[in-house]
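In the working numbering, the protein residues as written are 45 to 480. Below is one structure, written out as structure tokens, with a few remarks after it.
Structure representation (structure tokens):
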């Protein structure tokens, strides 16, 4: 007994001398409260079975996720070892020293080659094109579309549509067709409407929706390297894109001025709209007959191309980062080494997580696994994101304040709105010494 105790104490002394805790057999990952976090917990349970290290995915509602995370970061608290943080956080979190620099890890495991390029660019790298990485692409996501396939394939509807528009009724290939189909199915007298889009201006919903139009119309939000916005955010392409988004709003159900992912799924489940915009992460509920009585008649498509043929979508999703105040950083890095393995990524996808691993995304097995996986695969190689600079929250508020009254209240013109937004953003970047 004495010999065993002596050996145990020696082991503890060795662990402490190495700067780690002998009892560091538990990790905590912080994320928002939604289904992907539940899938990550299932995945983490497999890690525990393999290693004996317990991993707990702690969640909080989306409404206070950012506030709770940054409150802990700013206090330099060690409650979380890792966080699955929004892509927009990366600038603020890295510049403030909240995230561990993962550049060496990233390069060692050649993640720039194994992960979808856009997820590396927007979830992991900051500043843009710097070759410095702060997160591992974890939950890929982007905005796509669901639609009432049963309505589209109704012979009478198909005949009437072709007679009116001169081409076959099918999932839209471009934004003009998207608008035509929304108009065709918009029948308020029948309590049937054309389309459901994002309009909630309390965080990033409306902005993500408008980005779908801007990016596919060939526009950009600005130059992320130089912070130039004038002539970019208020370009002719962006004016046309904003006008196109406002046009879709005419064909939404009544009371659709504060709508986000819950309402947009309900548009399909409650027979309200022919098409609905939403993040892919919320599509599993639409193929489940217990949550969608129209599951068998629901289909999915990627964000359509713009008038010039460009086809992009607004990026959602998150990367997983090691918190710099964690007392278990070494163990957290071991978890990440396990998480990025091809076999783990395959299992992550099977559980319902949206892998960013190129090999898994490109596999026929993945693309055929659900009715929406193929559209997700197509989208994740054609995504762009909002500003990731530390002052992104101010930029987001300013865009909401300018765009929302125009979309939902007919205030001003698209050109006036975007000219004003360019002025707002330029002033913000001057305030933070990004530009002179």
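Just so it is clear, CB atoms sit at the ideal spot from N, CA and C, and this is done for glycine as well.
Within its chain, find whatever has a CB closer than 7 Å to the CB of residue i; leave out the 5 residues flanking it on each side and keep chain order.
i: residue 414; result: 331
i: residue 473; result: 271, 479
i: residue 52; result: Since pLDDT at residue 52 reaches only 35, below the 50 mark, its modelled position is unreliable, and no value is offered.
i: residue 103; result: 75, 76, 77, 81
i: residue 50; result: Here the model assigns residue 50 a pLDDT of 34, short of 50, so the residue's position is not dependable and the matter cannot be decided.
i: residue 227; result: 238, 295
i: residue 109; result: 76
i: residue 476; result: 435
i: residue 411; result: 417, 418, 421
Nearest to residue i by alpha carbon, out of the options?
i: residue 353; options: 241, 173, 259, 386; result: 259
i: residue 195; options: 176, 343, 157, 349; result: 343
i: residue 315; options: 410, 296, 450; result: 296
i: residue 222; options: 231, 182, 242, 291; result: 291
i: residue 184; options: 227, 153, 429; result: 429
i: residue 208; options: 356, 229, 382; result: 229
i: residue 322; options: 81, 244, 334, 273; result: 244
i: residue 205; options: 186, 380, 225; result: 225
i: residue 75; options: 92, 112, 69, 87; result: 112
i: residue 269; options: 468, 135, 91; result: 135
i: residue 288; options: 127, 255, 308, 266; result: 255
i: residue 350; options: 373, 261, 470, 248; result: 261
i: residue 278; options: 467, 427, 237; result: 467
i: residue 390; options: 379, 403, 381; result: 403
i: residue 86; options: 197, 394, 123, 405; result: 394
i: residue 154; options: 84, 171, 180, 88; result: 180
i: residue 461; options: 237, 318, 339, 447; result: 447
i: residue 304; options: 71, 106, 72; result: 106
i: residue 93; options: 108, 70, 114, 115; result: 70
i: residue 120; options: 199, 445, 370; result: 370
i: residue 149; options: 379, 422, 407; result: 379
i: residue 186; options: 114, 387, 162, 381; result: 162
i: residue 445; options: 145, 201, 247; result: 247
i: residue 465; options: 306, 275, 108, 298; result: 275
i: residue 158; options: 383, 348, 341; result: 383
i: residue 171; options: 267, 95, 91, 232; result: 267
i: residue 240; options: 309, 373, 233; result: 309
i: residue 137; options: 202, 411, 373, 115; result: 115
i: residue 233; options: 182, 422, 298; result: 298
i: residue 88; options: 381, 409, 406, 407; result: 381
i: residue 91; options: 409, 388, 408, 406; result: 388
i: residue 392; options: 433, 182, 152; result: 182
i: residue 386; options: 405, 374, 372, 373; result: 405
To the nearest whole angstrom, what separates the beta carbons of residue i and residue j, a pair I think is in contact under 8 Å?
i: residue 125; j: residue 346; result: Their Cβ separation, rounded to whole angstroms, is 35 Å, which puts residue 125 and residue 346 out of contact at 8 Å.
i: residue 219; j: residue 168; result: Actually they do not touch by this definition, with Cβ atoms about 30 Å apart.
i: residue 358; j: residue 252; result: 4 Å
i: residue 320; j: residue 311; result: 4 Å
i: residue 431; j: residue 250; result: Incorrect: roughly 15 Å between the Cβ atoms, too far for contact.
i: residue 273; j: residue 470; result: 6 Å
i: residue 356; j: residue 283; result: Not quite, the Cβ-Cβ distance comes to about 18 Å (not below 8 Å), so this is no contact.
i: residue 263; j: residue 281; result: 4 Å
i: residue 237; j: residue 317; result: 5 Å
i: residue 156; j: residue 424; result: Not a contact, Cβ separation roughly 15 Å.
i: residue 327; j: residue 416; result: 5 Å
Kindly list the residues whose CB is nearer than 6 Å to the CB of residue i, restricted to its own chain and excluding five residues on each side of it in sequence; keep chain order.
i: residue 286; result: 458
i: residue 420; result: 324
i: residue 313; result: 336
i: residue 147; result: 176, 177
i: residue 73; result: 101, 126
i: residue 456; result: 450
i: residue 199; result: none
i: residue 84; result: 101
i: residue 117; result: 142
i: residue 463; result: 278
i: residue 144; result: 366, 368
Does any CB atom of chain C fall closer than 9 Å to the CB of residue i?
i: residue 325; result: The chain inventory of the structure shown lacks chain C, comprising one protein chain alone.
Near residue i, what residues of its chain come up, given a Cβ to Cβ distance below 8 Å and the 5 sequence neighbours on each side ignored?
i: residue 452; result: 243, 293, 301
i: residue 333; result: 339, 340
i: residue 441; result: none
Runs of beta strand (DSSP E) lying entirely within the stretch 303-387, each at least 3 residues, in chain order = Qualifying beta strand (DSSP E) stretches, in chain order: 317-323, 342-345, 357-366.
request  = May I ask you to verify whether the stretch 126-133 touches the stretch 347-364, counting CB pairs closer than 8 Å and requiring at least 3?
outcome  = With the cut-off at 8 Å, the stretch 126-133 and the stretch 347-364 touch.
Segment contact, 8 Å Cβ cut-off, at least three pairs: the stretch 213-221 with the stretch 176-196 = Taking 8 Å as the limit for Cβ pairs, the verdict is that the stretch 176-196 does touch the stretch 213-221.
query = Between the stretch 398-411 and the stretch 89-100, do at least 3 Cβ pairs fall closer than 8 Å?
reply = No, they do not touch.
Within the stretch 125-210, ranges of the beta strand (DSSP E) (whole runs, at least 3 residues) = Here the runs fully enclosed are 126-130, 180-192.
key: contact_flag[the stretch 175-184, the stretch 434-453] where n(CB pairs < 8 Å) is 3 or more   = When Cβ pairs closer than 8 Å are counted between the two stretches, the stretch 175-184 is seen not to touch the stretch 434-453, the count staying below three.
query = Can you list the alpha helix (DSSP H) stretches of 4 or more residues lying completely in the stretch 433-461, in chain order?
reply = If you keep only unbroken alpha helix (DSSP H) runs of at least 4 residues inside the stretch 433-461, you get 436-453.
ask   = Fully enclosed by the stretch 234-282, which alpha helix (DSSP H) runs are 4 residues long or longer?
value = As far as the stretch 234-282 is concerned, its whole alpha helix (DSSP H) runs of at least 4 residues are 249-260.
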